[in-house]
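Engineer: Residue numbers (our numbering): -16 to 281.
(1) Taking all protein chains shown into account, decide if residue 10 is buried (16 or more other Cβ within 10 angstroms of its Cβ) or exposed.
(2) Classify residue 191 as buried or exposed, calling it buried when 16 or more other Cβ atoms lie within 10 Å of its own Cβ.
(3) Using 9 Å as the limit for Cβ to Cβ distance, is residue 83 near chain D?
(4) Should residue 8 go down as buried or exposed, given a rule of 16 or more other Cβ atoms within 10 Å for buried?
(5) For the alpha helix (DSSP H) that residue 109 lies in, which residues bound it at each end?
(6) Sort out for me which residues DSSP pairs residue -8 with in a bridge.
(7) Please name the residue or residues paired with residue 22 in a DSSP beta bridge.
(8) Could you pull out every residue in the same chain whose Cβ sits closer than 8 Å to the Cβ of residue 217, ignoring the five residues on either side in sequence?
(9) Whole angstroms is fine: what's the gap from residue 203's alpha carbon to residue 60's?
(10) Compute the beta-carbon to beta-carbon distance between residue 99 and residue -5, rounded to the nearest angstrom, for a pair I have assumed lies under 8 Å.
(11) Kindly give me the distance between the Cβ atoms of residue 38 and residue 254, rounded to whole angstroms, as I take these residues to be in contact under 8 Å.
(12) Closest to residue -11 by CA distance: which of 115, 2, 88, 25 is it?
(13) By a C-beta neighbour count over all protein chains shown, 10 Å radius and 16 as the cutoff for buried, is residue 249 buried or exposed?
(14) For residue 189, count neighbouring C-beta atoms within 10 Å of its own C-beta (all shown protein chains included) and say buried if the count is 16 or more, exposed if not.
(15) Answer with buried or exposed for residue 6, where buried requires no fewer than 16 other C-beta atoms within 10 angstroms of its C-beta.
(16) Does the separation of the CB atoms of residue 286 and residue 201 fall below 9 Å?
(17) Please specify which runs of the alpha helix (DSSP H), each continuous and at least 4 residues long, are wholly inside the segment 114 to 188, giving them in chain order.
(18) When the Cα of residue 146 is compared with those of 160, 162, 120, 169, which residue comes out closest?
(19) Determine the DSSP secondary structure at residue 219, reduced to helix, strand or coil.
(20) For a quick check, are the C-beta atoms of residue 236 and residue 1 less than 9 Å apart?
(21) Rounded to whole angstroms, what's the CA-CA distance from residue -2 to residue 95? Just pull it up for me.
(22) Assign residue 49 to one of three DSSP states: helix, strand, or coil.
(23) For residue 268, which three-state DSSP category applies?
Below, the structure written as structure tokens:
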């Protein structure tokens, strides 16, 4: 484990290009708005939020050696994130994510994370045979992992002895990648952070509440499941029991990154060692609400 970091964030580190309009939108609409480019990706969003809570995250991901990659690394360093263990590729471009958001939520998005997928297990070398750990000397700290990795690589992580001692916190990145988390259900390893739709895909069922979904994930083999449901009640389920809480009502000004903020705030609350499960869930919901309302800067 690096002496300068206390949690690892593994997954997508890229540029977010977000177009936001204050009007409600439908497919095919052409409306005025604002377009921004900011550091993003699930792993990076989580890391940035953890840094805001006073933690020192280290990034494990793939970034191109192009100008976009160099600029992104500088941005990460300026935000207080450790970039020593990033895989810098000479032949792959830096990944990008593009989204369109209206007053009625996310309209459409495209994640171009092909370089992360192409880099594959190279991004894990510091953990599997490097300065952070190995199969014989596994990493013992916290790891935030996102589902933008390939199915085969996620399956390898779920069974690898190099990750057996870690406090794994796992998010699917999007409903389209939810099934990539199946190996963690089968192995009963890690804490899953999913929304109601993603829980339904993993359980092949439709749920009315986060509590029902979280319990079903436990029944399917999850060691722990934290399920969100937008502005409705969310739940944290473990064999010891289920705790629930409802997020505060706020005016929603943005969507992209809200789930990542929730997950990071929940991890940060638990890393202090002073929060109960109920308190950690409440703190995470407050942080996510502040983010979607625009009170927390991008």
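The beta carbon of each residue, even a glycine, is placed where N, CA and C say it ideally should be.
Predicted model only: the values in this text are computed from it and were never measured.
Structural biologist: Quick answer:
(1) exposed
(2) exposed
(3) As a matter of chain content, chain D is missing from the structure shown, which is built from one protein chain.
(4) buried
(5) 108 to 111
(6) 42, 127
(7) -2
(8) 193, 209, 210, 211, 227, 228, 229, 230, 264, 268
(9) 40 Å
(10) 6 Å
(11) 7 Å
(12) 115
(13) buried
(14) exposed
(15) exposed
(16) The question about residue 286 has no answer here: the residues shown for the chain are numbered -16 through 281.
(17) 134 to 142, 165 to 170, 179 to 186
(18) 120
(19) strand
(20) no
(21) 10 Å
(22) coil
(23) helix
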